[in-house]
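Novice:
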Amino acid sequence: QKEVEQDPGPLSVPEGAIVSLNCTYSNSAFQYFMWYRQYSRKGPELLMYTYSSGNKEDGRFTAQVDKSSKYISLFIRDSQPSDSATYLCAMSAGNAGNMLTFGGGTRLMVKP
Amino acid sequence: EPEVTQTPSHQVTQMGQEVILRCVPISNHLYFYWYRQILGQKVEFLVSFYNNEISEKSEIFDDQFSVERPDGSNFTLKIRSTKLEDSAMYFCASSEGHNTGELFFGEGSRLTVL
Numbered sequence: 001q002k003e004v005e006q007d008p009g010p011l012s013v014p015e016g017a018i019v020s021l022n023c024t025y026s027n028s029a030f031q032y033f034m035w036y037r038q039y040s041r042k043g044p045e046l047l048m049y050t051y052s053s054g055n056k057e058d059g060r061f062t063a064q065v066d067k068s069s070k071y072i073s074l075f076i077r078d079s080q081p082s083d084s085a086t087y088l089c090a091m092s093a094g095n096a097g098n099m100l101t102f103g104g105g106t107r108l109m110v111k112p
Numbered sequence: 113e114p115e116v117t118q119t120p121s122h123q124v125t126q127m128g129q130e131v132i133l134r135c136v137p138i139s140n141h142l143y144f145y146w147y148r149q150i151l152g153q154k155v156e157f158l159v160s161f162y163n164n165e166i167s168e169k170s171e172i173f174d175d176q177f178s179v180e181r182p183d184g185s186n187f188t189l190k191i192r193s194t195k196l197e198d199s200a201m202y203f204c205a206s207s208e209g210h211n212t213g214e215l216f217f218g219e220g221s222r223l224t225v226l
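These protein sequences, in sequence, are chains Z and W.
For what it's worth, the numbering used here labels the leading residue of the first sequence as 1, then goes sequentially.
For what it's worth, the numbering used here labels the leading residue of the second sequence as 113, then goes sequentially.
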């Protein structure tokens, strides 16, 4: 079983749609959960950062963590064409020098 | 907005040559990292660095690799005797805190080994 799994997509939605992106993981030691956005051939850009379980909202983005199910989600409201990118989930156990374990990324396309 | 900067953006080298990739982390950050992403694959951890020492390293980070902070601003990754399979995007990252996961990445250096 892969440590972090993410549907590669592509996920195609119309502008204005609500987007749901998800990751599952197997390592119960993960405590810190991040979502990064990566445009083609660019570096990952930190979007959301959460610790342990619960929800966190920032503008159009909401991150949810359910540690009991080992499942995390990122919701994007009122999606825009500029949101078109690959979304990477990443996780850390918090005791290994910030060694992040990444998912493979979901490619999102928002069509005007 | 502060950012992590990396040079070169793209380097082409012959197999067996040595390359040095350079990074300038965010100025008030104390923890530095290298990750790599082979085309079409996941971003993978290589090494973390703090107080002029390696904190953690992955299995990928073998004797072929080394890191250094030669002065107060630069952070370098040296790859000796490059192999075809070293072709990848190499990302530098930095963070304020340790063991939090909140990393800020540079744009990457694309290494092509021929």
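Just so it is clear, CB atoms sit at the ideal spot from N, CA and C, and this is done for glycine as well.
So what does I191/W bridge to, in DSSP terms?
Specialist: According to DSSP, which records beta bridges pairwise, I191/W is partnered with V131/W and F177/W.
Novice: To the nearest angstrom, report how far apart L88/Z and F157/W are at their CA atoms.
Specialist: Approximately 14 Å, taken between the alpha carbons.
Novice: Measuring only the C-alpha atoms, how far is G128/W from R41/Z?
Specialist: Straight-line Cα distance between these residues: approximately 25 Å.
Novice: Below 7 Å on C-beta distance, what does V179/W contact in chain Z?
Specialist: Simply none; closest approach about 13 Å.
Novice: Decide yes or no for the touch test of the stretch 29-38 of chain Z against the stretch 116-124 of chain W: beta carbon pairs closer than 8 Å, at least 3 of them.
Specialist: Judged by Cβ distances under 8 Å, the stretch 29-38 of chain Z makes no contact with the stretch 116-124 of chain W, as fewer than three pairs qualify.
Novice: Here's the rule: buried if 16 or more other CB atoms are within 10 angstroms of the residue's CB, otherwise exposed. What is V19/Z?
Specialist: Burial call: buried.
Novice: Can you tell me where the beta strand (DSSP E) holding D7/Z begins and where it ends?
Specialist: Taken as a continuous stretch (DSSP letters only), D7/Z belongs to no beta strand (DSSP E), as it is neither H nor E.
Novice: Threshold first: 4 residues or longer. Then list the alpha helix (DSSP H) segments lying entirely within the stretch 138-183 of chain W, N to C.
Specialist: Counting only runs of 4 or more, we get nothing.
Novice: Going by C-alpha to C-alpha distance, which of F173/W, L142/W and E113/W sits closest to G209/W?
Specialist: Comparing Cα-Cα distances from G209/W to each of F173/W, L142/W and E113/W, the minimum goes to L142/W.
Novice: Mind checking who F75/Z pairs with in its DSSP beta bridge?
Specialist: BP columns for F75/Z point to S20/Z and T62/Z.
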